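Engineer: Quick one: the structure is below, questions incoming.
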Amino acid sequence: MVGSVHAAVDLRHVPADPVLVRVEQGLNVRLHRDTLVRKRRSLGARTERGTWVRIERRAFERIGQQGWNGTEAAAVLLGVVMPRWYQGVTWREADEPVMWRADELELVTSQPVGTGARVREDPGLPEAWWAGLNGSLDALSSQHTYRIATPDTERITQELVTGKLGEVFPAVTDTRVGKWVPAHGDLTWANVMGPGFCLIDWEDWGMAPRGLDAVTLWGNALAVPGLAARVYHERQRDLESRDGKLMALYFLSKIVGPHAREDDPLLVPARREAARLAADLQT
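The sequence shown maps to residues 1 to 283 in the UniProt record's numbering.
Spelled out as structure tokens, the structure:
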């Protein structure tokens with residue numbers, strides 16, 4: 001059934017070759033199997049023509065009203081440093097409420113700054129990297145789209161923000177978002193390349209509260225105080241706006257909330273920042 005909920009599949013632990021063959025046929029490319037990168041929800045590999053193919057599997061309930069052609073739709077954005085999009089192919093998994101999508105993109109030679117969403121040490125990024133980040137985020141936020149950002153594959157709405165903040169920070173009673181702007185929606189350290197700046201993985205971009213992207217990058221650097229301070233300095237206008245503070249609490253609620261882990265290296269700085277922001281937003 002279209003509305004049914006499908007069990008998640010970790011693509012790091014399932015056979016990939018049948019999918020790779022389907023992608024090769026659909027895009028008329030040959031994938032280099034020795035370059036295959038496996039993630040929980042996606043696969044990626046180089047092609048014989050010097051491009052990159054990203055493949056994702058997503059259940060119907062995670063696709064939503066706007067579809068999931070984010071990478072293709074992002075090709076119209078101006079002034080944002082990202083891989084060029086060339087072509088894509090989509091198909092439904094037989095007898096399952098699941099879709100597959102593969103996009104052929106420009107090959108980016110820089111590596112992700114982080115091996116995961118967070119970083120544990122300062123990567124020593126050059127000044128040109130920070131200029132690329134600022135130019136791209138400023139250009140992105142000045143445009144418009146009818147898409148809604150889906151961080152963690154969930155549409156970000158006023159109701160979602162209010163519900164999460166009310167659950168973890170009930171003393172913050174005014175949770176109204178004042179300004180919505182286009183955002184990447186998943187601006188973690190795994191999705192920014194360095195030392196040459198480039199922003200990848202655009203499947204979740206769309207309108208979001210101001211500051212979401214800056215907060216995501218800052219929050220995932222809290223275990224490296226110097227790096228977090230640099231992000232804060234570079235994106236100060238976003239992070240010190242009221243909407244930016246709400247988004248910071250929204251991000252921190254996932255760390256300090258009911259599922260907090262005492263061994264999480266972000267927990268101590270997250271609690272400190274959450275206390276500061278909650279007090280500020282109550283005044």
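For glycine and all other residues, C-beta sits at the position ideal for the given N, C-alpha and C.
Predicted, not measured: the structure shown is a model, and the values here were computed from it.
(1) Report buried or exposed for Thr115, applying the criterion of at least 16 other Cβ atoms within 10 angstroms of its Cβ.
(2) Give the C-beta separation of Ala278 and Phe169 to the nearest angstrom, bearing in mind that I take them to be a contact with Cβ-Cβ under 8 Å.
(3) Looking only at its own chain, which residues have a Cβ that is under 8 Å from the Cβ of Val224, when we skip the five neighbours before and after it?
(4) Roughly how many angstroms lie between the CA atoms of Asn191 and Gly206, to the nearest whole one?
(5) Around the Cβ of Gly48, are there at least 16 other Cβ atoms within 10 angstroms (buried) or fewer (exposed)?
(6) Which partner residues does Asp103 have in the DSSP bridge list?
(7) What is the residue span of the beta strand (DSSP E) that Gly194 lies within?
(8) Name the DSSP bridge partner or partners of Ile148?
(9) Looking at the secondary structure, which residues open and close the beta strand (DSSP E) in which Pro182 lies?
(10) By Cβ distance, which residues of its chain are closer than 8 Å to Trp52, with the 5 residues on each side in sequence left out?
(11) In the DSSP assignment, find the unbroken alpha helix (DSSP H) run with Ser136 in it and report its ends.
(12) Assuming Ala45 is part of the beta strand (DSSP E), what are its boundary residues?
(13) Which class does Arg38 belong to by DSSP, given the choice of helix, strand or coil?
(14) With a CB to CB cut of under 8 Å and the five nearest residues on each side skipped, what residues in its chain are close to Ser253?
(15) Once DSSP output is grouped into helix, strand and coil, what is the label at Pro112?
(16) With respect to the alpha helix (DSSP H) encompassing Ile255, which residues constitute its N-terminal and C-terminal limits?
(17) Using CA coordinates, which residue listed in Asp17, Cys198, Ile156, Glu96 is at the minimum distance from Gly132?
(18) For my contact list, Arg40 and Asp10 are in at a C-beta cut-off of 8 Å; report their separation, rounded to the angstrom.
(19) Of the choices Leu266, Leu249, Ile200, whose alpha-carbon is the least far from that of Ala221?
(20) In three-state terms, what does DSSP make of Ala59?
Structural biologist: According to the data block:
(1) By the neighbour-count rule (16 or more Cβ atoms within 10 Å), Thr115 is not buried but exposed.
(2) 5 Å
(3) Same-chain partners within the cutoff: Val119, Arg120, Glu121, Asp122.
(4) Straight-line Cα distance between these residues: approximately 16 Å.
(5) According to the sequence as given, residue 48 is Glu; it is not Gly. So Glu48 counts as exposed.
(6) Arg54, Gly88
(7) 192 to 194
(8) Met207
(9) 180 to 183
(10) Gly44, Ala45, Arg46, Pro83, Glu104, Leu105, Glu106, Leu107, Val108
(11) 127 to 141
(12) 42 to 46
(13) strand
(14) Lys164, Leu165, Glu167, Val168, Phe169, Ala274
(15) The three-state secondary structure of Pro112, taken from DSSP, is strand.
(16) Per DSSP, Ile255 belongs to the alpha helix (DSSP H) from 242 to 256.
(17) Cys198
(18) Right, their Cβ atoms sit about 5 Å apart.
(19) Leu266
(20) Correct three-state label for Ala59: strand.
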